[in-house]
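Undergrad: Quick one: the structure is below, and I'll ask about it shortly.
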Amino acid sequence: MKDDYDVIVVGSGAAGGQTAYTLTLEGARVLMLEAGRDYDIMAETPMFQTSRDAPLLGAGTPDKPFGFHDATIDGGWSVPGEPYTNASRDPARQFTWWRARMLGGRTNHWGRISLRNGPYDFKPRSRDGLGFDWPISYDDLAPYYDKVERLIGVYGSREGLENTPDSPEGCLLPPPKAPVGERLVRQRAARLGIPVVPIHRAVLTKALDHKRLPALLHPGNTAAQEILEQDLQKRIACFWATPCGRGCSIRATYQSPAVHLPPAMATGKLDILTNAMAYEVTLRDDGRAAGVNYIDKTTGKERHVAARAVVLAASACESVRILLNSRSARFPNGLANSSGKVGRYVMDTVGSSLGGQVPLLEDMPPHNEDGAGGEHVYTPWWLYREQKQGRLDFARGYHIEIATGRRMPGPGTAAGLEWLTGGAYGKRFKEEARRYYGSFVNFAGRGEMIPNERSFCEIDPAVKDRWGIPVLRFHWEWSHHETRQAAHMQKTFAEIIDAMGGRTQKGPEADGRKAIARGGEMIHEVGGTIMGSDPKTSVTDQWCQTWDVKNLFVTDGGPFCSNADKNPTLTIMALAWRASDHLLAAMKRRDI
Ligand SMILES: Cc1cc2nc3c(=O)[nH]c(=O)nc-3n(C[C@H](O)[C@H](O)[C@H](O)COP(=O)(O)OP(=O)(O)OC[C@H]3O[C@@H](n4cnc5c(N)ncnc54)[C@H](O)[C@@H]3O)c2cc1C
Ligand code: SF4
């Protein structure tokens, strides 16, 4: 470790990775504190292991909720020794919190869906009077979306659809060919006026242009360009054969330890301390951040590190926890909390899904359906006009993620077929399993949640984690906008399944309160340190810089003041890059 860091970055996921990348490639000395253990994507990614070789045939367990081979090493719906609590006993009013304690955080096994927020998404209150407008517009963030897409590599297309921004020519990689089931969805949804277009995912359909991109991303910075040129050549195009959720040792997909951290390390300006659980930002006498207190998990000892600036990127709620646990005479209610808004307006994504069986897809001749280890196509929100005409009973919208096809069979592949087979067994069951394999389609709605006063987190006055750090207590409530949206999703999915000639085991759920997934289940936690243009009602300004402490930034999803239907990670990275540029400029001016 050095003794003169410019910046401490807490967390190594999408936010921490992007922040450390931008800062170090532009010359800053960074110390990254990561609570999880080190993780080597080359050595530890189980790309080719089969379910047959795994305990319980690879089925999910509390330790590995998404299956034995999933990339999450230490984490999931619960983390041993690191509890959190909910104020209500009613599951509908609880938040369920997914965490990943490993280098790279949740980016090692995320779904890679990378959608830009559109112009409407930054000004929602101006459009319908609900929630908050962002202090920035789409145009402010667009250049950073371009940069992030170019660096991480995102496939997709330009469709010219409303509030679904097109990337500049040459920014995206070509989308992969959709398999037959997804094409059938596209054909039948079109009859209902529902668009189905290539989705955007952070997967390399071809190698990135190592000659052109470095100069575009780091103009005038030859050292950064050289590092990136070398690194891009080590990232190989996808070969379409393995589930991305296990991670990707050939670096064909975005994971922070595959994309952000290697070039940042190559600068020689990044030191990473794993097993370092940050719990407090310390202050100097002048009220600026001095550094961070953390527990060295390998020894249990408390340590302090100092720097000119501190960036929290520990995931939205964990950053809230650190701020609220950083109490002092100057900030008795938690750091950067003079507005009282730290922890407020926690948001997730509205989720609801419905699956069906489609006879047209039965008994397909065997053919190679290997493809992207995730979606090829999706439906962006398409009912803007109907909503404007007042024909919908909820505000905001959702997109639809579509899953079909013959994936590598797992223990659940032929399970739950009784409603189709009438309970066949033996030889007949095997024939039936072959017949139905690959004939299912699933629609998952992902919709916008409007921030509300009843969804927030605070410090639990009684409970501490194994390190003695007070934990978060959540409060949660969906509004009728979200529950009605979930009911609308169900109706839409049933219509598409019907248009495909398919059938559902259980009809669509008309009661949105039953159809909606639990808070947190979509794992799109944002808010809690919202940005705004008024220090009295927000925690950070448009640069993710806290109003109260000039050299303290939050670059995870915390500053989101609305949560559009678009999955949040691309926006997190774009905001982190923009915030880092701002921090670099302030350090250069010696303002920080
Ligand atoms: C299964 C799954 C699928 C997903 N699919 C998508 C998708 O398709 N598209 C999309 O946009 N998003 C998706 N997401 C969400 C996405 O993973 C997150 O939005 C993104 O990772 C957030 O980045 P982050 O850096 O804020 O948090 P994380 O990636 O969680 O990283 C935070 C890091 O901080 C560390 N940390 C936490 N507390 C401390 C502390 N006190 N001290 C030090 N370090 C700390 C953690 O260990 C972790 O490594 C998915 C998530 C999951 C789990
Ligand atoms: S499908 Fe492609 S991107 Fe996904 S893990 Fe396999 S090689 Fe990597």
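For the sequence shown, position 18 matches number 762 in the working numbering, and the numbering has no gaps at all.
We put the CB at the ideal spot given by N, CA and C, even for glycine.
1) Return the bridge partner residues of G1272 from the DSSP annotation.
2) Between V1054 and ligand 2, is there a pair consisting of the residue's CB and a ligand heavy atom that are separated by less than 8 Å?
3) Give me the residue from G989, D890, T966 and D797 with the minimum Cα distance to I785.
4) For E1062, count neighbouring C-beta atoms within 10 Å of its own C-beta (all shown protein chains included) and say buried if the count is 16 or more, exposed if not.
5) Please go through the region 1044–1129 and give each complete beta strand (DSSP E) segment of 3 or more residues, from N-terminal end onward.
6) Leaving out the 5 sequence neighbours to the left and right, which residues in its chain are closer than 8 Å to T1123 when beta-carbon positions are compared?
7) Measuring straight from C-alpha to C-alpha, what distance separates Y721 and Y783?
8) V898: beta carbon under 8 Å from a heavy atom of ligand 2?
9) Which two residues bound the contiguous beta strand (DSSP E) that contains I1039?
10) Is the CB-CB distance between G875 and R869 below 9 Å?
11) Mind checking M1233: buried by the 16 CB within 10 Å criterion, or exposed?
12) Taking DSSP as the reference, what is the three-state secondary structure of Q1286?
13) May I ask you to verify whether the region 1093–1112 touches the region 808–822, counting CB pairs closer than 8 Å and requiring at least 3?
14) Starting from K1258 and walking both ways along the alpha helix (DSSP H), at which residues does that stretch end?
15) How do the region 1012–1028 and the region 1063–1071 stand: do at least 3 beta-carbon pairs fall below 8 Å, yes or no?
16) Going straight from the alpha carbon of L952 to that of R945, what length do you get?
17) Smallest Cα separation from P1103: which of M1244, A1116 and I994?
18) Exposed or buried, what is M1193 when buried is set at 16 or more other beta-carbons lying within 10 Å of its beta-carbon?
19) Assuming R1182 and P920 make a contact with CB atoms under 8 Å, what is their CB distance in whole Å?
20) Take K1208 as the anchor and find which of K955, P827, T1165 and T1281 has the nearest alpha-carbon.
21) Measure the alpha-carbon distance for L1127 versus K1235 and round it to whole angstroms.
22) Taking contact to mean at least 3 C-beta pairs separated by less than 8 Å, is the region 1068–1086 in contact with the region 1282–1294?
23) Specify the secondary structure class of G1311 as computed by DSSP and reduced to three states.
24) Give the single residue among E1119, Q838 and Q793 whose Cα lies nearest to the Cα of W854.
25) Would the beta-carbon of G1117 be found less than 8 Å away from any heavy atom of ligand 2?
26) Quick one: any contact between the region 1166–1186 and the region 1129–1138, if contact means 3 or more CB pairs under 8 Å?
27) Following a CB-centred definition, is E778 positioned closer than 8 Å to any heavy atom of ligand 1?
28) Taking DSSP as the reference, what is the three-state secondary structure of F1200?
29) Report the start-end ranges of each beta strand (DSSP E) in the region 1126–1189 that is 3 residues or longer and not cut off at the edges.
30) Just tell me which of T829, Q793 and G1141 has its CA closest to the CA of D1204.
31) Quick one, which of E1162, W1287 and V1094 has its alpha-carbon nearest A1308's?
32) State the DSSP-derived secondary structure class of N852, mapped to helix, strand or coil.
33) Using a Cβ-Cβ cutoff of less than 6 Å, which residues in the same chain neighbour S795 once the five nearest sequence positions on both sides are dropped?
34) Taking the C-alpha atoms as reference points, what is the distance between T1227 and I1260?
35) Between the C-alpha atoms of P879 and S1277, what's the straight-line distance to the nearest angstrom?
36) Let me confirm a value: D975 is counted as buried when at least 16 other C-beta atoms fall within 10 Å, else exposed. Which label applies?
TA: For this structure:
1) R1088
2) no
3) G989
4) buried
5) 1045–1056, 1088–1091, 1094–1101 and 1121–1123
6) A933, I938, P939, V940, V941, H1143, I1144 and I1146
7) Within the shown structure, residues of the chain are numbered from 745 to 1336, placing residue 721 beyond reach of any answer.
8) no
9) A1033 to D1040
10) yes
11) buried
12) coil
13) no
14) G1256 to A1259
15) yes
16) 15 Å
17) M1244
18) buried
19) Checking the displayed sequence, the identity of residue 1182 turns out to be Gly instead of Arg. So it is not a contact: roughly 18 Å between Cβ atoms.
20) P827
21) 14 Å
22) yes
23) Before going further, note that residue 1311 is Asn rather than Gly in the sequence given. N1311: coil per DSSP, three-state reduction.
24) E1119
25) yes
26) no
27) yes
28) strand
29) 1142–1148
30) T829
31) V1094
32) helix
33) L801, G802 and G1154
34) 6 Å
35) 6 Å
36) buried
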